[in-house]
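Top line first, the protein sequences correspond to chains E and S.
FYI, the numbering for the first sequence is 1 to 194, going by the numbering used here.
FYI, the numbering for the second sequence is 195 to 437, going by the numbering used here.
Note sheet for the following structure.
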Amino acid sequence: MPSNEDLAALLPRVALGDRAAFEGVYRATCAHLLGVAFRILNSRERAEEVLQEAFMNVWHGAGGFDASVAGPMTWLINVVRNKAIDALRSGRAERASTSAFDEEALAVAADAMQQPQALLERSLATLRIRDCLGDLGAPQRQALALAYYRGMVHTEIAETLGAPLGTVKTWVRRGLDRLKACLDAAGLRADSLA
Amino acid sequence: MNYLLPERLERLAREYALGTLAGSARRRFERVLRNAPAAAKAVGAWQERLSGLAGAVPPMQPGDSVWRGLEERLFASPRAARRGPLQWLSGVLSVRALGGALAGALLCVALLRFQPGLIGLEPQSDTLPQSYVGLLVDAAGVPTVLASSKRHGTVMTVKLLQPVAIPAGSVAQLWALPKDGSAAFPVGVVPGAGSASVALADTSEKLFFNVSRLAVSIEAAPAKAGGKPSGDFVLSGHCVKLW
Chain E
1 MPSNEDLAAL
11 LPRVALGDRA
21 AFEGVYRATC
31 AHLLGVAFRI
41 LNSRERAEEV
51 LQEAFMNVWH
61 GAGGFDASVA
71 GPMTWLINVV
81 RNKAIDALRS
91 GRAERASTSA
101 FDEEALAVAA
111 DAMQQPQALL
121 ERSLATLRIR
131 DCLGDLGAPQ
141 RQALALAYYR
151 GMVHTEIAET
161 LGAPLGTVKT
171 WVRRGLDRLK
181 ACLDAAGLRA
191 DSLA
Chain S
195 MNYLLPERLE
205 RLAREYALGT
215 LAGSARRRFE
225 RVLRNAPAAA
235 KAVGAWQERL
245 SGLAGAVPPM
255 QPGDSVWRGL
265 EERLFASPRA
275 ARRGPLQWLS
285 GVLSVRALGG
295 ALAGALLCVA
305 LLRFQPGLIG
315 LEPQSDTLPQ
325 SYVGLLVDAA
335 GVPTVLASSK
345 RHGTVMTVKL
355 LQPVAIPAGS
365 VAQLWALPKD
375 GSAAFPVGVV
385 PGAGSASVAL
395 ADTSEKLFFN
405 VSRLAVSIEA
415 APAKAGGKPS
425 GDFVLSGHCV
435 KLW
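And the structure:
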């Protein structure tokens with residue numbers, strides 16, 4: 001994982017058209033960012049497409065990076081996450097309209113509950129806020145993990161967890177509130193550990 | 195709807211950052227984000243909080259094709275050197291910065307001007323002579339130096355496609371970068387504008403056979419054999435075999 005200081009120095013150079021800086025940003029972050037896209041899309045091919053599209057945006061949009069709004073790694077993660085979420089949802093719309101049998105979707109469903117939760121637990125441990133979030137029930141954590149790592153919307157989480165939509169919305173909101181409170185209490189900028 | 199009421203903004207910002215804001219509501223909020231710094235700030239704060247959750251995601255090394263595709267889409271083809279001459283020319287012409295037909299004409303004019311044998315001495319052949327050709331671009335991707343030399347010649351012709359600012363007392367030093375990553379070696383000094391013939395230390399074939407890129411740095415004095423670039427390259431580009 002590259003340091004935010006390195007990336008903060010490279011991104012303004014990318015904005016000026018420095019190709020070496022651009023390659024530096026890519027080499028330093030591509031593996032981590034592909035991992036993020038892959039969790040959401042569950043397909044290496046689609047995740048690599050999204051990674052490429054995201055870096056097209058990075059080249060053309062590095063001037064829009066504002067360190068006072070979010071750190072460089074946070075900015076990059078969100079360029080990739082937003083692309084992956086858009087690709088996921090446009091892919092779902094296509095699949096719904098062609099109603100094709102989709103092994104990929106089944107594989108995601110089979111794995112949907114286990115893996116995101118494990119990732120969430122590991123992240124919370126790294127952030128040293130696992131205990132703080134301990135009083136949050138398992139369903140709240142699951143809902144948060146499915147939204148973040150899988151890019152699921154409330155209705156999909158409700159379906160996956162077999163819970164009413166209103167309940168899921170409350171779980172997600174409480175999960176986020178608790179995350180915020182725990183990070184604030186720990187005095188962490190989450191980005192510094194990303 | 196007023197998106198900037200604090201409570202509403204906070205709700206939308208966290209749902210947007212998490213991803214649960216979907217469909218047309220997501221698109222509408224993205225438009226708000228572009229124009230409202232307060233909204234961008236609120237989203238940024240949530241993205242910071244959530245980015246800690248990405249820390250545990252196992253990294254996956256992307257295939258080489260992802261970076262190659264980026265280079266091709268953004269900076270033209272890095273594989274041009276492995277293609278035939280006609281594809282190479284079409285690759286050059288596809289460089290966005292070259293701008294279509296005008297650039298094609300420019301390239302042909304430049305090649306014909308500095309390779310008069312093409313139309314004078316070799317009237318029976320439609321093909322360009324076997325040559326090494328480099329097209330160097332500046333940091334913004336604008337073609338700046340066209341360098342060419344015949345395969346077995348000992349002179350490199352350099353043409354400036356746009357002027358290069360060379361500080362007084364400095365020179366623009368042309369370097370050759372071997373494809374195996376070994377140290378760059380000096381080729382000669384290029385002018386800030388116009389064109390020049392650069393005498394080579396050996397034949398092009400001996401010098402450039404294993405060279406994949408050419409680059410220019412600003413130096414206090416012309417580099418000697420064995421010298422190294424003292425700073426960043428201000429221009430660089432692929433060096434390809436035209437046969």
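Note that CB positions come from ideal geometry on N, CA and C, so glycine has one too.
Quick caveat: nothing in here was measured; it's all calculated off a predicted structure.
Asked                                                                                                                    : Found
Contact list for Met254 (chain S) against chain E, beta-carbon separation under 8 Å                                      : Ala31, Leu34, Gly35, Phe38, Arg44 and Ala47
Start-to-end residues for the alpha helix (DSSP H) that takes in Lys169 (chain E)                                        : Leu165 to Ala186
C-alpha distance - Ala291 (chain S) paired with Leu330 (chain S), whole-angstrom precision                               : At Ala291 (chain S) the pLDDT is 47, less than 50, meaning the model places this residue with poor confidence; the figure from the coordinates comes in the next sentence. Going from the Cα of Ala291 (chain S) to the Cα of Leu330 (chain S) covers about 12 Å.
Limits of the unbroken beta strand (DSSP E) element including Leu392 (chain S)                                           : The sequence as given places Val at residue 392 (chain S); Leu does not occur at that position. Counting along the chain, the beta strand (DSSP E) containing Val392 (chain S) begins and ends at Ser389 to Ala393.
Members of the segment 170 to 183 of chain E near chain S, C-beta cut-off 7 Å                                            : Val172, Leu176, Leu179, Lys180 and Leu183
Cutoff 7 Å; reference Ala143 (chain E); Cβ partners in own chain excluding five residues on either side                  : Ile157, Leu161, Val168, Trp171, Val172 and Gly175
C-alpha gap between Leu436 (chain S) and Leu203 (chain S), whole angstroms                                               : 59 Å
CB contact check: Ala409 (chain S) to chain E, cutoff 7 Å                                                                : no
Residue from S:Gly246, S:Ala409 and S:Ala234 whose Cα sits closest to the Cα of Ala378 (chain S)                         : S:Ala409
Pro116 (chain E) burial status per 10 Å Cβ neighbour count (16 or more: buried)                                          : buried
CA nearest to the CA of Asp131 (chain E), picked from E:Arg81, E:Val153 and E:Cys182                                     : E:Cys182
Through-space distance from Gly246 (chain S) to Pro164 (chain E), alpha-carbon basis                                     : 29 Å
Same chain only: Cβ atoms within 7 Å of Arg220 (chain S), ignoring 5 sequence neighbours per side                        : Tyr210
Range covered by the alpha helix (DSSP H) that runs through Gly238 (chain S)                                             : Pro231 to Ser245
Closest Cα partner of Ala47 (chain E) within the set E:Phe55, E:Val79 and E:Gly35                                        : E:Gly35
Residues that DSSP places opposite Leu26 (chain E) in a beta bridge                                                      : Checking the sequence shown, residue 26 (chain E) turns out to be Tyr, not Leu. Looking at the DSSP assignment, Tyr26 (chain E) forms no beta bridge with any residue, so it has no partner.
Ala31 (chain E) CB to nearest heavy atom of the ligand PLP below 6 Å                                                     : Of the ligands one can find in the structure shown there are none, so the ligand PLP has no counterpart to examine.
Cross-chain neighbours of Arg19 (chain E) in chain S, by beta carbon under 7 Å                                           : Phe269
Alpha-carbon spacing of Glu121 (chain E) relative to Glu265 (chain S), whole angstroms                                   : 38 Å
Coarse secondary structure for Thr265 (chain E), derived from DSSP in three states                                       : Any answer about residue 265 (chain E) is impossible in this case: the structure gives chain E only from 1 up to 194.
Alpha carbon of Gly137 (chain E) to alpha carbon of Leu215 (chain S), nearest angstrom                                   : 23 Å
Closest Cα partner of Arg61 (chain E) within the set E:Ala37, E:Arg141, E:Gly17 and E:Leu179                             : The sequence as given places Gly at residue 61 (chain E); Arg does not occur at that position. Answer by Cα proximity: E:Gly17.
Distance, Phe38 (chain E) Cα to Met152 (chain E) Cα                                                                      : 14 Å
Given 8 Å, three or more beta-carbon pairs between the segment 248 to 268 of chain S and the segment 16 to 33 of chain E : yes
Simplified DSSP assignment, three categories, for Leu312 (chain S)                                                       : Residue placement at Leu312 (chain S) is flagged as unreliable, the pLDDT there being 48, under the threshold of 50; a coordinate-derived value is accordingly withheld.
CA nearest to the CA of Asn57 (chain E), picked from E:Asn42, E:Val14 and E:Gly24                                        : E:Val14
Beta-carbon proximity check, Thr348 (chain S) vs Leu401 (chain S), cutoff 7 Å                                            : no
Cβ pair count under 8 Å reaching 3, the segment 2 to 11 of chain E against the segment 230 to 237 of chain S             : no
Beta-carbon gap between Val69 (chain E) and Gly249 (chain S) smaller than 7 Å                                            : no
Neighbour flag for Arg128 (chain E) against chain S, beta carbons, 7 Å                                                   : no
Continuous beta strand (DSSP E) assignments of at least 3 residues falling wholly in the segment 326 to 414 of chain S   : 337 to 344, 349 to 354, 365 to 372, 379 to 384, 389 to 393 and 405 to 413
CA nearest to the CA of Val339 (chain S), picked from S:Ser430, S:Ala207 and S:Val381                                    : S:Ser430
Delimiting residues of the alpha helix (DSSP H) encompassing Gly431 (chain S)                                            : Element bounds for Gly431 (chain S): not the alpha helix (DSSP H) but the beta strand (DSSP E), Phe427 to Lys435.
Extent of the continuous alpha helix (DSSP H) run through Gln140 (chain E)                                               : Ala138 to Arg150
Spatial distance of Ser389 (chain S) from Ala370 (chain S) (CA atoms)                                                    : 19 Å
Pairwise C-alpha distance: Val327 (chain S) and Val434 (chain S)                                                         : 5 Å
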